[in-house]
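Participant: Using numbering that gives the first Met the number 0, the letters of the sequence shown correspond one by one to residues 0 to 180.
Every residue, glycine too, gets a C-beta built ideally from N, C-alpha and C.
None of these values were measured; they are calculated from a predicted model.
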Amino acid sequence: MIIDKREFHVKGVCYTIRSADAADAAQLSALRVKIDGETENMDREKGEAFIDAPGFEQLIKADAEASRNLFLVAAVDDRLVGFSRCQGSELKRLAHKVEFGVCVLQQFWGCGIGQNLLKESIAWADSTGVRKITLSVLETNEKAIALYQKLGFAVEGVLKKDKLLSDGNYYDTIVMGRFRE
0 MIIDKREFHV KGVCYTIRSA DAADAAQLSA LRVKIDGETE NMDREKGEAF IDAPGFEQLI
60 KADAEASRNL FLVAAVDDRL VGFSRCQGSE LKRLAHKVEF GVCVLQQFWG CGIGQNLLKE
120 SIAWADSTGV RKITLSVLET NEKAIALYQK LGFAVEGVLK KDKLLSDGNY YDTIVMGRFR
180 E
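Written out as structure tokens, the structure is:
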């Protein structure tokens with residue numbers, strides 16, 4: 000699915016949120032690797048599950064054509080600094096929901112980019128009949144958990160000792176959801 004472009008001005012940073020297009024593929028490939036190396040909040044370590052530019056082109060095309068998928072990017076000038084995806088299912092029993100994921104370059108944390116990517120995704124979901132958005136978040140990512148709760152998400156469960164991080168310890172994954180009546 001494609002949405003209209005929106006501009007934001009937060010803490011002196013001007014950025015645009017828009018649907019991803021094929022021209023973004025090379026930047027997205029590099030951006031994903033960089034973000035994965037900046038934080039342990041992501042599922043992947045740097046370079047894992049690598050998606051090259053042609054792979055992103057295919058993903059962007061498929062998401063644009065799917066009524067239950069949304070691929071958004073955040074750009075400062077012409078530089079991509081974050082992205083998010085909502086991925087749904089065509090299975091009838093699961094067609095009411097999508098799974099949300101987001102990542103933002105560490106340099107731009109605190110500028111509302113992740114929050115606005117999520118708000119745009121919620122607005123899209125609400126306008127297209129999606130009833131539920133789910134996500135998962137590392138237990139130590141307290142700022143993200145607080146943001147999700149502020150935007151109507153509730154904890155639905157905890158996956159105990161779900162991730163092994165670089166410090167050698169296991170951490171829980173919090174599963175959250177927002178259901179629109």
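#1: Could you pull out every unbroken alpha helix (DSSP H) segment of at least 4 residues lying fully inside the segment 28-69, listed in chain order?
#2: Could you say which of 60, 25, 69, 39 lies nearest to residue 49 if we only look at CA atoms?
#3: Run through DSSP, which three-state label would residue 3 get?
#4: For a minimum of 3 consecutive residues, which ranges assigned as the beta strand (DSSP E) are wholly contained in the segment 121-177?
#5: Between 57, 105, 93, which lies nearest to residue 33 when the distance is taken from Cα to Cα?
#6: With respect to the beta strand (DSSP E) encompassing residue 102, which residues constitute its N-terminal and C-terminal limits?
#7: When DSSP builds the beta bridges, which residues end up paired with residue 16?
#8: Are three or more beta carbon pairs between the segment 46-60 and the segment 14-23 nearer than 8 Å?
#9: Any contact between the segment 62-76 and the segment 39-48? By contact I mean 3 or more CB pairs, one from each, below 8 Å.
Facilitator: On the basis of the supplied data:
#1: 52-64
#2: Numbered from its first residue, the sequence shown carries residue 49 at position 50. Of the listed residues, the one whose Cα sits closest to residue 49 is 25.
#3: Position 4 of the sequence shown, counted from the start, is the residue given in the question as residue 3. If DSSP states are grouped into helix, strand and coil, residue 3 belongs with coil.
#4: 131-137, 153-163
#5: Residue mapping note: residue 33 aligns to position 34 of the sequence shown, counting from 1. Nearest of 57, 105, 93 to residue 33, Cα basis: 105.
#6: By one-based count along the sequence shown, residue 102 stands at place 103. Note, residue 102: beta strand (DSSP E), 96-103.
#7: In the sequence shown, residue 16 corresponds to position 17, counting from 1. Partner(s): 5, 73.
#8: yes
#9: no
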